[in-house]
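Below is one structure, written out as structure tokens; the observations come after it.
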Amino acid sequence: MQSCLDTQVCPDTQVCPDTEVNVLHVGIIMDGNGRWAQRRGWTRLRGHEAGLDAIRRVVEAAPAQGIGTLTLYAFSSDNWRRPEAEVAGLMGLLRFYLNNEVRSLKRNGVRLSVIGRRDRLPDGIAVLIANAEAATRSGAALHLRIAVDYSGRDAILNAAAQAGTAALTREDFARLVTGEPGLRDVDLIIRTSGEKRLSDFLLWESAYAELHFTERMWPDFDARDLAAALAAFQGRERRFGGLGALPFAPVHGEPRLQAASAALTPATVRVAI
Ligand code: FPP
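Quick note on this note's numbering: the sequence shown kicks off at -6 and runs consecutively.
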């Protein structure tokens, strides 16, 4: 299905009649794997393994809940500071995921992207990422972005270096930060495990994101938890700096209409540009 968020297809004055697409961009800081495992007397790695099951559940549930883009924080650039064995275990899980999930992602219309640095990943992983991205490129039900060796500050720094002295719009700069044109700003960031901080996640993209913190540990997180977070989000009044609730999210804070985000139904969302 063609997304009306594509301004190449729909000029911004045009309303796309009766177009139903999933539009929300949700980011998740998947926290609590280690504590979840340690409370059971297990290794932290077992918590990360259980975290992978939670990823499968959430990816499966997301499109039916109105999510078009899902960004998951799997490994921050600061996570290299963890013990070698834990880092190796996490990289092993990433390799496993890339080797084993692509068929299921394709079947479910999921397009996979991995964001973050690739040059420090263990041998072979960058190639697996490129292959998985190419194989799932046409997925239209959900854009799944997994952040690995990712730092929001570094993404902004790199964009600034590329921009040089050019005078850019917010939209142009966003393209440099995110690496892709037209990526929707984050609507909602969920963090599990009771911690309440952003930890260098999607700093540019989350300028007007709503934040949802839950005590649930990531390995226990499921479709009902996702629905509860979205229900809380639906209850928020999003004003984007104005005085009343806006029916549309402005593009990067500019007074242009991008996509309906206030009156969303969980199942589908009508988009008008
Ligand atoms: C934070 O919990 C979680 C991580 C740093 C890793 C997240 C990884 C997964 C969910 C599975 C791996 C998936 C892929 C695709 C590689 P924590 O371990 O810091 O939890 P704690 O705060 O309880 O110690």
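C-beta atoms are modelled at their ideal positions from N, C-alpha and C, and glycine is treated no differently. These numbers come from a predicted model, not from an experiment.
With a Cβ-Cβ cutoff of 9 angstroms, do residue i and residue j count as a contact?
{"i": "Ala200", "j": "Asp178", "result": "yes"}
{"i": "Ser70", "j": "Gly109", "result": "yes"}
{"i": "Ile182", "j": "Gly20", "result": "yes"}
{"i": "Leu204", "j": "Ile149", "result": "no"}
{"i": "Asn15", "j": "Leu98", "result": "no"}
{"i": "His18", "j": "Leu114", "result": "no"}
{"i": "Gln194", "j": "Ile60", "result": "Strictly speaking, residue 194 in this sequence is Phe, with Gln absent from that position. No, these two residues do not count as a Cβ contact at 9 angstroms."}
{"i": "Ile118", "j": "Arg75", "result": "no"}
{"i": "Ala216", "j": "Glu53", "result": "yes"}
{"i": "Asn92", "j": "Leu65", "result": "no"}
Find the nearest neighbour of residue i within the set the options, judged by alpha-carbon distance.
{"i": "Arg355", "options": "Gln155, Leu236 and Ser192", "result": "Nothing about residue 355 can be read from this structure; the chain reaches only from -6 to 266."}
{"i": "Ala221", "options": "Val80, Ser144, Gln58 and Ala78", "result": "Gln58"}
{"i": "Pro198", "options": "Thr207, Ser144, Ala30 and Val80", "result": "Note on identity: in this sequence residue 198 is Glu, with Pro being the wrong assignment. Comparing Cα-Cα distances from Glu198 to each of Thr207, Ser144, Ala30 and Val80, the minimum goes to Ser144."}
Alpha carbon to alpha carbon, what distance is there between residue j and residue i?
{"i": "Asp165", "j": "Asp180", "result": "19 angstroms"}
{"i": "Leu236", "j": "Arg229", "result": "14 angstroms"}
{"i": "Arg96", "j": "Met210", "result": "28 angstroms"}
{"i": "Phe233", "j": "Ala202", "result": "10 angstroms"}
{"i": "Ala153", "j": "Val170", "result": "8 angstroms"}
{"i": "Ala224", "j": "Leu63", "result": "17 angstroms"}
{"i": "Gly25", "j": "Leu83", "result": "14 angstroms"}
{"i": "Arg39", "j": "Ala238", "result": "44 angstroms"}
{"i": "Ala43", "j": "Thr162", "result": "42 angstroms"}
{"i": "His41", "j": "Leu137", "result": "19 angstroms"}
{"i": "Val107", "j": "Asp142", "result": "10 angstroms"}
{"i": "Arg37", "j": "Gly157", "result": "43 angstroms"}
{"i": "Arg28", "j": "Pro212", "result": "10 angstroms"}
{"i": "Gln227", "j": "Trp73", "result": "36 angstroms"}
{"i": "Glu77", "j": "Leu219", "result": "32 angstroms"}
{"i": "Gln155", "j": "Val80", "result": "30 angstroms"}
{"i": "Asp116", "j": "Ala123", "result": "13 angstroms"}
So, for residue i: in the same chain, excluding its five sequence neighbours on each side, which residues have a beta-carbon less than 7 angstroms away from its beta-carbon?
{"i": "Phe214", "result": "Ala47, Val51 and Thr185"}
{"i": "Leu45", "result": "Leu86 and Tyr90"}
{"i": "Ala125", "result": "Leu91, Val95 and Leu105"}
{"i": "Arg111", "result": "Ala119 and Ile122"}
Go through its chain and collect everything with a Cβ distance to residue i's Cβ below 6 angstroms, but skip five positions before and after it.
{"i": "Pro174", "result": "Arg168"}
{"i": "Glu188", "result": "Asp24"}
{"i": "Ala55", "result": "Leu63 and Leu135"}
{"i": "Phe206", "result": "Arg184 and Lys189"}
{"i": "Gln31", "result": "none"}
Considering only residues of the same chain and omitting the five flanking positions on each side of residue i, which have a CB-CB separation below 8 angstroms?
{"i": "Arg190", "result": "Arg184"}
Is residue i close to chain C? Criterion is C-beta to C-beta, closer than 9 angstroms.
{"i": "Val179", "result": "Looking for chain C here will not work: only one protein chain is present."}
Exercise. Quick check: the stretch 122 to 131 against the stretch 100 to 114, are there 3 or more CB pairs under 8 angstroms?
Worked result: yes
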